[in-house]
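Using numbering that gives the first Met the number 0, the letters of the sequence shown correspond one by one to residues 0 to 210.
What follows is one structure encoded as structure tokens, with my remarks underneath.
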Amino acid sequence: MNYSVKNDVKIEADRTLIIGCGALASEIIALKKLNGWSHIDLKCLDAALHNHPDLIAPSVDLEIKKYKKMYQKIFIAYADCGTAGALDEVLYSHKIERLSGAHCYETFSGEKNFENLMNEEVGTFFLTDFLVIHFDRLVYRGLGLDISEEIKKQIFGNYTRLIYLSQKNDSELLKKAKLAAKKLNLKFEHKNVGLAQLESQMERQILHFVH
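Structure, rendered in structure tokens:
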């Protein structure tokens, strides 16, 4: 391992730190193993931050400041994620890049495919594998939908369909996704998008660091 020491801080010269959303953790770990990205370290923030997007940018900022002296190469595995540009302002100040796109749904499906889905039906709510697994905690209870039907109407009144963008083929997750759509009173669609789009973005960034 190649590293240097400056002001009693060990600097990882040949390693890349990815600071990411917890909702992407298992997918990034899977890609790391698949591609042999042994030089990557991963630190993830709580996916529940997505229920409070105003906290994402300052939380990422704190993580960058925490690790910037230790790593010369840092990449942020977040899209904009509802921060309305606040995350980009933080990353610009640190000269660090992130995943492209507005949401992880766009990251998984690809920019053009996501645009087409939104143009088809603006009132579309998306779920990924992670969100299906944690639907009750992060979405149903997390948004207070279990409290009253009125809250559900306020939040989801303008939605008409739920699309499950699956990363893997799993019949149990598919059943749970259909149940989630039923709970939200939305029509259901399923599209298996896999990891190819996320892998492509990650790979480009990793090759950028290597060269």
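Note that beta-carbon positions come from the ideal geometry of N, C-alpha and C, so glycine has one too.
Item	Value
Within a Cβ cutoff of 7 Å, which residues of the same chain sit near residue 47, ignoring the five residues on either side of it in sequence?	137, 141
Helix, strand or coil for residue 142? Go by DSSP, reduced to three states.	coil
Does the separation of the CB atoms of residue 161 and residue 183 fall below 8 Å?	yes
Taking only the alpha-carbon atoms, compute the straight-line gap between residue 13 and residue 73 and give it to the nearest angstrom.	11 Å
Of the choices 133, 40, 45, 76, whose alpha-carbon is the least far from that of residue 101?	76
Within 10 Å of its beta-carbon, does residue 118 have 16 or more other beta-carbons around it, so buried, or fewer, so exposed?	exposed
Scan the segment 152–185 and note each continuous beta strand (DSSP E) run of 3 residues or more that stays entirely inside, going in chain order.	160–165
If we count the other Cβ atoms within 10 Å of its Cβ and call it buried at 16 or more, is residue 83 buried or exposed?	exposed
Could you tell me whether the segment 198–206 touches the segment 149–157, where touching means 3 or more Cβ pairs closer than 8 Å?	no
At what residue ranges does the segment 12–67 contain a whole run of the alpha helix (DSSP H), taking only runs of 4 or more?	24–34, 55–66
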